[in-house]
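Participant: The opening residue of the sequence shown carries number 222 in the working numbering; numbering runs sequentially from there.
Built from N, CA and C at the ideal position, the CB exists for glycine as well.
Structure provided below as structure tokens; questions to follow.
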Amino acid sequence: MIFFLLLFELPFFVFGQHSIENIQVDTISLKTHVQYLSSKKCSGRGVGSPGLDSAARYIVSHFQSYGLESVPAGDNDETFYEPFNLYRFYNDEENTFIRFGNNELELYRNFHISAIDQTTKAETAEVVFGYDEDNESQRNIAGKFVAISTDRGWVEEEHLIKEIREHGAKGVIKILSDNGELSSDKVALMREVLYELNSMSYFLDFESSEFFTFRMPMVSVAQLFGYRENAFKRDFNRYKKGRKSRLNERTNTFTYSLPRISDTVGVKNVIGIIPGTDLKEEIVVLSAHYDHLGKSTHGYFPGADDNASGVAVLLETARSCGELSKIGVKPRRTIVFASFTAEEQGLLGSQYLLEKDTLIDINRIVANINVDMVGRGSAYHPQAPYQLYVYGNEFNTSLLELPDSINQSHAYLSLDYQYTQEDPNNYFEKSDQFSFIKQEIPAIFFFGGTHKDLHTPKDTYDKINFNRLEKVAMLTFYTLWTAANIGEL
Numbered sequence: 222m223i224f225f226l227l228l229f230e231l232p233f234f235v236f237g238q239h240s241i242e243n244i245q246v247d248t249i250s251l252k253t254h255v256q257y258l259s260s261k262k263c264s265g266r267g268v269g270s271p272g273l274d275s276a277a278r279y280i281v282s283h284f285q286s287y288g289l290e291s292v293p294a295g296d297n298d299e300t301f302y303e304p305f306n307l308y309r310f311y312n313d314e315e316n317t318f319i320r321f322g323n324n325e326l327e328l329y330r331n332f333h334i335s336a337i338d339q340t341t342k343a344e345t346a347e348v349v350f351g352y353d354e355d356n357e358s359q360r361n362i363a364g365k366f367v368a369i370s371t372d373r374g375w376v377e378e379e380h381l382i383k384e385i386r387e388h389g390a391k392g393v394i395k396i397l398s399d400n401g402e403l404s405s406d407k408v409a410l411m412r413e414v415l416y417e418l419n420s421m422s423y424f425l426d427f428e429s430s431e432f433f434t435f436r437m438p439m440v441s442v443a444q445l446f447g448y449r450e451n452a453f454k455r456d457f458n459r460y461k462k463g464r465k466s467r468l469n470e471r472t473n474t475f476t477y478s479l480p481r482i483s484d485t486v487g488v489k490n491v492i493g494i495i496p497g498t499d500l501k502e503e504i505v506v507l508s509a510h511y512d513h514l515g516k517s518t519h520g521y522f523p524g525a526d527d528n529a530s531g532v533a534v535l536l537e538t539a540r541s542c543g544e545l546s547k548i549g550v551k552p553r554r555t556i557v558f559a560s561f562t563a564e565e566q567g568l569l570g571s572q573y574l575l576e577k578d579t580l581i582d583i584n585r586i587v588a589n590i591n592v593d594m595v596g597r598g599s600a601y602h603p604q605a606p607y608q609l610y611v612y613g614n615e616f617n618t619s620l621l622e623l624p625d626s627i628n629q630s631h632a633y634l635s636l637d638y639q640y641t642q643e644d645p646n647n648y649f650e651k652s653d654q655f656s657f658i659k660q661e662i663p664a665i666f667f668f669g670g671t672h673k674d675l676h677t678p679k680d681t682y683d684k685i686n687f688n689r690l691e692k693v694a695m696l697t698f699y700t701l702w703t704a705a706n707i708g709e710l
């Protein structure tokens, strides 16, 4: 009903209604897009790789051919890019330490740090043992470290750390069940593993951490609190059993230095626009990330479903909107087509646009539609392969209502809204629409669901269901076009 009303609500649709109602999806183009983006030419589209640059140039070339404008306006390819830097951090082992009294702990052998722990200079803090949320005297932990046991479940531990952080603590020290320090062989292995992990971890900022997570074997914690190892074990066991323990009264002061060596990687979002008319100051964003996992020693990760399929839908929607614009059928609101990079690294591309840059005034954005992994559907859904999960939020129910009414007339998919109410796997937080949600911008998420080939070299072009992808492209176009033209959004 919403779409039916739309056609008669807008005067210029008298001119363009026939064109809009006869929009067709170009299946050959969908296949071409997915095939190219998942090919060896793009070699997995890893951050900082030539393959990702090839994918970006491919998207730009089609934006240009469809008649999209760049931001800012210009005549060359570069104006479709939003360039920025990402950082990788490696431990500066020679200058990393924890010191107290005459003792110095060695990284890896005596303590471990999280991937995001770093300081720009040596800092000093007090450490206290244990935290009891029901004990008022133990809540005075602002600016301090809190040593906690790790024998509770993961969910309970995360809840405890969250509460400790909310009370202003500087960090936690997790007491590992291992009694002793690591051997030289294990230190070497740990160093190698963490180097590989750090080489795959990217960040937007280069600054000191606000909250630290250290892990220490018992022997190191015993030293930190001035205990002999056996005495510490005895009092620690008493503490875990809920009995009175001298550990509750123990504190110490230590100095820590966690410098990092940084590596800078240049990346870019790809952005094209179709200017609006009477509501042009309002923006609707259609997004789909174009990065993936790159290569490994076993080959490259094609990422046909994740997310060449979503980019193909974005490009096909841009083509349809561009063709309408060329014949004078223009949207009321400005439409931004955003293909984000570094989604796989934690939504960094969309985060940069919305939190770090001023390329687009985010106060003008009234809605986001994000498309991710829509080429196959869930292997576990009874309506597969034509099911599509639709996620939304509480900021705008009218936006979330659009797909269902449009689907009944144009796409004929089986839409599943079950995770809008309850999302146990937090999928809504794992793609770029969540960056918009954090800015309180209404967003909906088209998601096909997971399958066994996700994030493996087996996510290939030949497994994409293009009949399904046509339907998703049709639903995406009409949802976007309606959102860009309806009077009240």
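Let's test the definition: count the other Cβ atoms within 10 Å of the Cβ of N324 and tell me whether it reaches 16, buried, or not, exposed.
Facilitator: Label assigned to N324: exposed.
Participant: Looking at the structure shown, is H602 part of a helix, part of a strand, or coil, going by DSSP?
Facilitator: Residue state, collapsed to three classes: coil.
Participant: Secondary structure at I583, three-state DSSP: helix, strand or coil?
Facilitator: Note: I583 maps to helix in three-state DSSP.
Participant: Would a C-beta distance cut-off of 8 angstroms place S560 and H510 closer than the cut-off?
Facilitator: Cβ atoms of S560 and H510: closer than 8 angstroms.
Participant: Would you mind reading off the limits of the beta strand (DSSP E) that contains G487?
Facilitator: G487 -> beta strand (DSSP E) spans 481-495.
Participant: Alpha carbons only, please: which of V408, I334, L425, F321 is nearest the one belonging to I394?
Facilitator: Taking only the C-alpha atoms, the option nearest I394 is I334.
Participant: Distance check for S571 and M222, CA to CA, integer angstroms please.
Facilitator: Confidence in M222 is poor, its pLDDT being 34 and thus under 50, which makes the residue's placement too unreliable to answer from.
Participant: Straight-line CA distance for S652 to R459?
Facilitator: Spanning the two alpha carbons is a distance of roughly 45 angstroms.
Participant: Please classify P232: does DSSP put it in a helix, a strand, or coil?
Facilitator: Residue placement at P232 cannot be trusted, given a pLDDT of 37 that sits under 50; what the coordinates show is reported in the next sentence. Coil, per DSSP.
Participant: The alpha helix (DSSP H) with P624 in it runs from where to where?
Facilitator: Run containing P624: 618-631, per the alpha helix (DSSP H) assignment.
Participant: In this structure, does DSSP put V255 in helix, strand or coil?
Facilitator: Note: V255 maps to helix in three-state DSSP.
Participant: Relative to the alpha-carbon of T341, which residue among N316, F332, E564, A363 has its alpha-carbon at the smallest distance?
Facilitator: Taking only the C-alpha atoms, the option nearest T341 is N316.
Participant: List the DSSP bridge partners of I334.
Facilitator: DSSP output for I334 lists F435 as bridge partner(s).
Participant: Short of 8 angstroms in beta carbon distance, which residues of its chain neighbour P232, apart from the five on each side in sequence? Order them along the chain.
Facilitator: Residue placement at P232 cannot be trusted, given a pLDDT of 37 that sits under 50; the coordinates are not used to answer.
Participant: Taking C-beta to C-beta, are F310 and Q339 nearer than 8 angstroms?
Facilitator: Yes, the pair counts as a contact, with Cβ atoms nearer than the cut-off.
Participant: Could you give the DSSP three-state label for T340: helix, strand or coil?
Facilitator: If DSSP states are grouped into helix, strand and coil, T340 belongs with coil.
Participant: Starting from the Cα of F332, find the closest Cα among K407, G389, Y352 and give me that residue.
Facilitator: Checked all of K407, G389, Y352; the closest Cα to F332 is K407.
Participant: Which class does Y448 belong to by DSSP, given the choice of helix, strand or coil?
Facilitator: Residue state, collapsed to three classes: coil.
Participant: Straight-line CA distance for R330 to S441?
Facilitator: So the alpha carbons of these two residues sit roughly 10 angstroms apart.
Participant: Got a sec, what are the start and stop residues for the beta strand (DSSP E) V693 sits in?
Facilitator: Premise fails: V693 lies in the alpha helix (DSSP H), 687-706, not in any beta strand (DSSP E).
Participant: Helix, strand or coil: which one does DSSP assign to T472?
Facilitator: Note: T472 maps to strand in three-state DSSP.
Participant: To which residues does DSSP link Y311 through a beta bridge?
Facilitator: Y311 is bridged to I482.
Participant: What separation, rounded to the nearest whole angstrom, lies between the Cα atoms of F446 and F432?
Facilitator: The alpha-carbon atoms of F446 and F432 are separated by roughly 21 angstroms.
Participant: With a CB to CB cut of under 7 angstroms and the five nearest residues on each side skipped, what residues in its chain are close to T700?
Facilitator: Cβ within range, chain order: I590, L623, P624, I627.
Participant: Between the alpha carbons of L710 and R553, how many angstroms are there, rounded?
Facilitator: About 12 angstroms.
Participant: At the level of alpha carbons, what is the spacing between S260 and G670?
Facilitator: About 22 angstroms.
Participant: Check whether the stretch 524-533 touches the stretch 249-269, counting contact only when three or more Cβ pairs, one atom from each stretch, lie closer than 8 angstroms.
Facilitator: Enough Cβ pairs lie closer than 8 angstroms, so yes.
Participant: Per the DSSP calculation, F321 is bridged to which residue(s)?
Facilitator: Answer is N324, bridged to F321.
Participant: Between the stretch 564-579 and the stretch 596-608, do three or more beta carbon pairs fall short of 8 angstroms?
Facilitator: Short answer: they don't touch.
Participant: Would you call the stretch 594-602 and the stretch 681-692 touching, i.e. three or more CB-CB distances under 8 angstroms?
Facilitator: Flag = yes, the stretch 594-602 and the stretch 681-692 touch.
Participant: Sorted by chain position, which residues of the same chain lie with C-beta nearer than 8 angstroms to V486's C-beta, five sequence neighbours on each side aside?
Facilitator: Within the same chain, V486 has close Cβ partners V268, G269, N306, L307, Y308, R309, Y423.
Participant: Return the first residue and the last residue of the alpha helix (DSSP H) that I382 is part of.
Facilitator: 375-387 is the extent of the alpha helix (DSSP H) around I382.
Participant: Kindly indicate which residue of L328, M439, T300 has the alpha-carbon position closest to the one of A368.
Facilitator: Here the closest residue by C-alpha is M439.
Participant: Just to confirm my understanding: we take T248, look at its own chain, exclude 5 residues before and 5 after, and list those with CB closer than 7 angstroms. What are they?
Facilitator: Only F687, E691 meet the Cβ criterion.
Participant: Rounded to whole angstroms, how far is the Cβ of Y521 from the Cβ of A343, which I believe are closer than 8 angstroms?
Facilitator: About 42 angstroms; that fails the 8 angstroms criterion.
Participant: For K465, which option in T474, N473, T472, R455 has the closest C-alpha, if you only look at C-alpha atoms?
Facilitator: That would be R455, whose Cα lies nearest to the Cα of K465.
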